[in-house]
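Chemist: Numbering (full-length UniProt numbering), first residue to last: 1 to 500.
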Amino acid sequence: MMHPFTNKKHFEYFDDDSKSNIAAKPKFDTEKTHSLLTLHGPNGASYNFTSCWCSVNRQAMHSDASYESKDATLPSTIHPLLLKKHVEFLVGYTPANNPYEYAVTEHLRMNGMFWSLTALDLMGALDQMDREAIVTFVRDCQHRNPPAPFAELEASEALRSRTVDASHATAAAAASLPSQALPNAPDTNTGVGSDATPSTDARTNAAQEAARQKYVKQLVAASASQRGGFGASIGHDAHVLSTLSAVQILCLFDRLDAIDEEATVAFVASLQQPDGSFVGDVWGEVDTRFSLCAMACLSLLGRLDAIDVQAAVRFIQSTANFDGGFGRVPGSESHASQVYVCLGALTIAGAVDACVDRDQLGWWLAERQLPKSGGLNGRPEKLPDVCYSWWVLSSMCMLDRLQWIDAERLAKFILACQDDVAGGIADRPDDMSDPYHTVFGLAGLSLLARLGAPDAKVQSDQEGVVGVSAGLAIKPVNSVYCLPQDVIDRVMQRNKDRRK
Ligand SMILES: [Zn+2]
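1) At the level of alpha carbons, what is the spacing between cysteine 251 and isoleucine 488?
2) Between the Cα of phenylalanine 322 and those of Arg227, Ala232, Ser291 and Asp357, spot the shortest distance and give me the residue it belongs to.
3) What is the chain-ordered set of residues for which the beta carbon lies under 5 Å from any non-hydrogen atom of ligand 1?
4) So the candidates are Trp363, Phe267, Ser446 and Arg379; which of them puts its Cα closest to the Cα of glutamate 408?
5) Can you check whether the CB of glycine 374 is closer than 7 Å to the CB of glycine 388?
6) What does the Cβ neighbour count give for tryptophan 391, buried or exposed, with the cut at 16 atoms within 10 Å?
7) Is the number of C-beta pairs between the segment 415-433 and the segment 393-407 that are closer than 8 Å three or more?
8) Are three or more beta carbon pairs between the segment 223-232 and the segment 129-142 nearer than 8 Å?
9) Identify the continuous alpha helix (DSSP H) that holds valine 240 and give its terminal residues.
10) So, for proline 330: in the same chain, excluding its five sequence neighbours on each side, which residues have a beta-carbon less than 7 Å away from its beta-carbon?
11) Whole angstroms are fine: how far does the CA of aspartate 406 sit from the CA of asparagine 21?
12) Do you know whose CA, among Asp287, Phe267 and Thr94, lies nearest residue 501's CA?
13) What residues in its chain sit with their C-beta under 7 Å from that of alanine 351, if we drop five residues either side in the sequence?
14) Note down, in chain order, each residue of its chain lying with its Cβ closer than 6 Å to the Cβ of serine 299, except the 5 sequence neighbours on either side.
15) Does isoleucine 348 come out as helix, strand or coil in the three-state DSSP assignment?
16) Let me know the secondary structure DSSP gives tyrosine 481 once reduced to three states.
17) Given that a residue counts as buried once 16 or more other Cβ atoms are within 10 Å of its Cβ, and exposed if not, what is glycine 444?
18) Closer than 8 Å is the cut-off here; do at least three beta carbon pairs connect the segment 123-130 with the segment 97-104?
19) Among Pro484, Cys297, Leu402 and Ala345, which has the Cα closest to the Cα of residue 505?
20) Measure the alpha-carbon distance for glycine 324 versus cysteine 355 and round it to whole angstroms.
21) In angstroms, rounded to a whole number, what distance separates the CA positions of alanine 426 and lysine 217?
22) Could you tell me the alpha carbon to alpha carbon distance between phenylalanine 137 and isoleucine 234, rounded to whole angstroms?
23) Whole angstroms is fine: what's the gap from glutamate 88's alpha carbon to leucine 383's?
24) Give me, in chain order, the residues of the same chain whose beta-carbon lies closer than 6 Å to that of aspartate 287; leave out the 5 immediate sequence neighbours on both sides.
25) Are the CB atoms of cysteine 342 and isoleucine 307 nearer to each other than 7 Å?
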C-alpha cells in the first residue's frame, strides 16, 4: 500500500534517538539534522521536504523497516580479487578485439587510456604496455602549432569542399559536419534553385559569402585559443578533460618532458572566467568538474600560480548546497561525483576547512551506502554503482571520514561486480565490464585497504580472501589525483626540484 507523503511521520522518526544508533557512525544529532533538512528559499521561506529521502534511507538501514529502497542483488558466489584476469582484460582491450567499441569511443580515447593505464599501474602491470607508442600518441594530441593564418584558411578551396589538411584540425572537424549543423555556416551543396531570380541569386550569394567569412574567422579564433590543449584523439578539439588525462598519463610514464608544458599551462589558465569558474573548452560550458581538471593539471605541472586560486575557491563555494554537497554550478543538485571534484579542488587549494563542514558532508556521503548490497550510489534513491566506490570514498578520505563506511560490505559489492570469465569490473553484478569501472573499482579497493586488516569472517579457504584485504594487493592510490601514490610522490618531488 502506498502512503501519501507525511512530513510529520518522518520528523517523528528523526526525533527518536533510539533509532539512530547505527554502528560506525557518529551519534545522530537531531538538531543538526533538522537544520540540514531545512532548505531556505527566497523571501524567508523554508522547506522541509528533503526529510523524505534522508529518512527513507535511514529507515531502510534498520532490520525491522518495511521500506525497500532501490538496490542490487549480490550473486551467491563472490570471487576473490581476480588481478590476473583484469590485467589480461585491459591489455587485450585493443582495436582488433573491440573494433566497434574502439570506433565509437574515439571522443573518449584519452580518458579511456588514462583509466586503463592507471588500473594497470595500480596492479603493477604498466610495463606490459608500449610506453613510447603511447607517449607519442599523447604528444600528437596536443595542439602545438600556431593556427593557420586567416587569409590561408579564408582562401582555402579545401574548406569549401570539406577536405582540409590534417594540420588544420579544428577546421577539418567542423568542415566534416553537415553544414546545417553549424551556426552561420554556408551551405555550399544546395545553392539556389533554378527558378530563383538573378537578384535573389546575388543576394543569396552575398549572404552566403559573408556567412562563410564569418565562419572562417570563428574557426581561426577557436583554433588559436586551443593551442597547448589536448584533444581526446589526434585532430580532436582541445578540452580540459582530455588535457588532464594527457598530463596524468605522462605522469604515469614519467614523461612530462614530451610535451610543451608552457603551452599547456597557458591553455588551462585561459579557461578561467572572471567569477573564478572554468570552462571546459572554447565553446564555454561551465562545470565544477572543469575546476578540478584545471587545478589538478596545473598542480601536477607545478604551476598553480598561473590562475587565481582564491577566485576558483570562491566559485566552488558558490555551488555548495544546504545538504553539505556540491553541484555543477550554483543551484544545481548535489551529486557524489561533483562532491569529489569540488573537494579535490579545495584540497589542492588547501581550503577544505575554510569551506566545508566535514561532519555534515561526511554524513551525506556515508548515506550513499545501500543497505542490501553494500554498494554506493551517487544520489538518494539511485542504484549502487562501482564507480561511486571512487567518487564517494575518495571524498570521505579527503574529509578524513573514511571509517564511516562499512568497508567489508562495500569490498564484497565491488568484488561481486568482477567478470570472472573475461576479466574487468562492471557497474553492477552481471553487467558488462569496462575500463572505467575497472579502474574505479580497483581504486576503491585500494582506499578501503587503508582501513586496516581483514576480518576473518570474510576469508574463504578455497577461493582466497574476499573483502577488505583484497585491496592490499593493489598499490596505494592518491585520493585527489586518482594516480598511484608513488607517481604523485615522484611528480611533486620533480616540481620541488625545479623550484630550487
Ligand atoms: Zn558508474
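The C-beta atom is built at its ideal place from N, Cα and C for all residues, glycine as well. Only a predicted model underlies this, so the values are computations on that prediction, with no experimental measurement involved.
Modeler: So, from the data block:
1) The residue you call residue 251 lines up with position 251 of the sequence shown. The residue you call residue 488 lines up with position 488 of the sequence shown. So the two alpha carbons sit approximately 8 Å from each other.
2) Taking the sequence shown and counting its residues from 1, one reaches residue 322 at position 322. Of Arg227, Ala232, Ser291 and Asp357, the residue nearest in Cα terms is Asp357.
3) Asp385, Cys387 and Asp427
4) Indexing the sequence shown from 1 puts residue 408 at position 408. Minimum Cα distance to glutamate 408 is reached at Ser446.
5) Indexing the sequence shown from 1 puts residue 388 at position 388. Indexing the sequence shown from 1 puts residue 374 at position 374. Rather than glycine, the amino acid found at residue 388 in this sequence is tyrosine. Not closer than 7 Å, so no.
6) By one-based count along the sequence shown, residue 391 stands at place 391. The residue in question, tryptophan 391, is buried, as its Cβ has 16 or more Cβ neighbours within 10 Å.
7) no
8) yes
9) The sequence position of residue 240 within the sequence shown is 240, counting from 1. Residues 240-252.
10) Here the question's residue 330 lines up with position 330 in the sequence shown. Within the same chain, proline 330 has close Cβ partners Ser318 and Thr319.
11) To locate residue 21, count along the sequence shown from 1; it is residue 21. To locate residue 406, count along the sequence shown from 1; it is residue 406. Bear in mind that a pLDDT of 33 at asparagine 21, under 50, signals an unreliable position, so the model cannot answer this.
12) The structure shown does not extend to residue 501, since the chain is modelled only from 1 through 500, so no value can be given for it.
13) Mapped onto the sequence shown, residue 351 falls at position 351. Val313, listed in sequence order.
14) Your numbering for residue 299 matches position 299 in the sequence shown. Around serine 299: Ile348.
15) Within the sequence shown, the letter at position 348 stands for residue 348. Looking at isoleucine 348 - three-state DSSP - the assignment turns out to be helix.
16) Here residue 481 corresponds to residue number 481 of the sequence shown, with the count starting at 1. Residue state, collapsed to three classes: coil.
17) The residue you call residue 444 lines up with position 444 of the sequence shown. It is buried - the Cβ of glycine 444 has at least 16 other Cβ atoms within 10 Å.
18) no
19) In this structure the chain extends from 1 to 500, so residue 505 is not present and cannot be described.
20) What you label residue 324 is simply residue 324 of the sequence shown in a count that begins at 1. What you label residue 355 is simply residue 355 of the sequence shown in a count that begins at 1. Cα to Cα, glycine 324 sits roughly 10 Å from cysteine 355.
21) Position 426 of the sequence shown, counted from the first residue, corresponds to residue 426. Position 217 of the sequence shown, counted from the first residue, corresponds to residue 217. In a straight line, the C-alpha of alanine 426 is about 45 Å away from that of lysine 217.
22) As a working mapping, residue 137 is identified with position 137 in the sequence shown. As a working mapping, residue 234 is identified with position 234 in the sequence shown. Each residue's alpha carbon lies about 8 Å from the other.
23) By 1-based counting over the sequence shown, the position of residue 88 is 88. By 1-based counting over the sequence shown, the position of residue 383 is 383. Each residue's Cα considered, the two are about 29 Å apart.
24) Residue numbering aside, residue 287 sits at position 287 when the sequence shown is read from its first letter. Within the same chain, aspartate 287 has close Cβ partners Arg328.
25) Numbered from 1 along the sequence shown, position 342 holds the residue referred to as residue 342. Numbered from 1 along the sequence shown, position 307 holds the residue referred to as residue 307. No, Cβ-Cβ distance for cysteine 342 and isoleucine 307 is not below 7 Å.
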